[in-house]
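Notes to accompany the following structure.
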Amino acid sequence: MKDKYRAGIYDPYLDTLGGGERYTMTVAYCLAQKGWQVDVFWDDRGIGKRLKERLGIDLRKINFAPNIFQKKFFQKQQQMKSYDLIFYLSDGSVPFLFAKRNILHFQVPFHDVGGKKPLNTIKLKRIDAVICNSRLTKKFIDEEYGVKSQIIYPPVAVEEFKPGQKKNIILSVGRFSRLMQAKRHDVLTDSFTQMTEGLDNWQLILAGGTDVGKDKAFEELKKSLKGFPIEIKENPSFSELKKLYAQAKIFWTAAGFGVDENKEPERVEQFGITTVEAMAAGCVPIVINKGGQPEIVNHNQNGLLWKSKQELIEQTLKIIKDNKLREKLAKAAQKRAKDFSQKRFCHEFRKIVS
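Read left to right, the sequence shown gives residues 0 to 353 (numbering that gives the first Met the number 0).
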């Protein structure tokens, strides 16, 4: 038996520090914990510190190595052959992978990208497993690329999130950018301002990253909130996020509002890591009935799903006015969140690798 197995991991979006990056870095963590030598391919050496601060994942056993995917084909091929495993997060393309075992991961339900073209068919023969992050993603990937993918739901460090002294806070967490999905903070702020007349001492907090993809719309959003009990927290650290989740009573998301997910599935949230984090901290999720959200939240059992602004407002007011119902749903939400633990993720991923 080998002294140490070698794994190489590549995520082309690593510097966006989002949900996909939590997924790939948890793969790295799971392997490192089992004694693998793990190389994450990225040229900027400062990325490790930023990932640790934003995601709170233990990266001490993980090495950040020069990006071999920027090299010429034959150099790339030779270097990959020295690895027992390559884990590659796809940007829609299918790479040539040459490790002993190769895993291709899709976070986004790509479609109409020529997935079944002959060259992709050749490349896919070298892929041992295709992994998707939700049923929604799997449905489109299997059709587009002609594969039979497996689902491993994203890892959530649920044990890190606990309820604290709850305050009259509605929280939404999601990056302030338009990289692919619109998080639709405007829908949330519009709904909240409509609700404020009948509410005493309630606050809406929008928290998220602005490192990548911030635009004029974000600055306009900030200006429009003056005079309302709405606060924006830019680039919160992991510890700051934990505190926000602990204090909030309700969690909102509107990602994908106004999008036809059958035509543009990439513009809805394919899973909903922040929803699970909030649930683990005892927030009641009141989330849009799109994308991966209904795979997490069971309506009226551990949260609420909505389709229109009016439904969002009505359901939120119902929870605000009925404390007993809020506490019941919050408890059920905490229980449901455990189904998406990091421990479960590592177990499922290692089964594929072994």
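All C-beta atoms, glycine included, are put in the ideal place defined by N, C-alpha and C. From a predicted model like this one, the values you see are computed outputs, not experimental measurements.
- Counting only runs of 3 or more residues that sit fully inside the stretch 69–138, the beta strand (DSSP E) segments are 84–88, 100–105, 128–131, in chain order.
- For Val155, the beta-bridge partners assigned by DSSP are Ser340.
- When beta bridges are read from the DSSP output, Asn62 appears opposite Asp38.
- Here the alpha carbon of Ile231 sits roughly 11 Å from the alpha carbon of Arg174.
- The C-alpha of Asp10 lies about 7 Å from the C-alpha of Thr23.
- Setting aside the 5 residues that flank it on each side, Tyr152 is surrounded in the same chain by Phe339, each with a C-beta closer than 6 Å to its C-beta; the list follows chain order.
- Per the coordinates, the alpha-carbon of Gly7 lies some 45 Å from the alpha-carbon of Thr315.
- Inter-residue distance for Trp41 and Leu13 is about 8 Å (C-alpha atoms, whole angstroms).
- Distance from the CA atom of Leu220 to the CA atom of Asp185, rounded to whole angstroms, is 7 Å.
- Residues of the same chain with a CB within less than 6 Å of the CB of Arg53, apart from the 5 flanking positions on each side, are Leu16 in chain order.
- For Gln246, the secondary structure class from DSSP, reduced to helix, strand or coil, is helix.
- Within its own chain, the residues whose Cβ lies closer than 7 Å to the Cβ of Asp57, once the five positions on either side in sequence are excluded, are Tyr28, listed in chain order.
- In this structure, DSSP gives Lys161 a state outside helix and strand, which the three-state scheme calls coil.
- Distance from the CA of Leu135 to the CA of Lys323, rounded to the nearest whole angstrom, comes to 34 Å.
- One thing to note: Ala245 has its Cβ no nearer than 8 Å to the Cβ of Gly302.
- With contacts defined as CB atoms closer than 8 Å, Val157 and Ala336 qualify as a contacting pair.
- By the criterion of at least three beta-carbon pairs nearer than 8 Å, the stretch 125–144 is not in contact with the stretch 305–320.
- Ranking Phe217, Ala216, Gly281, Lys222 by CA distance to the CA of Leu243 puts Gly281 first.
- By a beta-carbon distance limit of 8 Å, Arg325 contacts Lys248. Their separation comes to about 6 Å.
- DSSP places Tyr4 outside both helix and strand once states are collapsed to three, so it counts as coil.
- Per the Cβ contact rule, the stretch 73–87 is in contact with the stretch 100–115 (3 or more Cβ pairs under 8 Å).
- Of all C-beta pairs linking the stretch 103–118 to the stretch 62–77, fewer than three are shorter than 8 Å, placing the two stretches out of contact.
- For Lys320, the secondary structure class from DSSP, reduced to helix, strand or coil, is helix.
- Take His110, set aside five residues on each side of it, and the residues of its chain with a beta-carbon closer than 6 Å to its own are Phe139, Glu143, in chain order.
- Counted as a single uninterrupted DSSP element, the stretch harbouring Ala254 is not any beta strand (DSSP E), since DSSP gives it neither H nor E.
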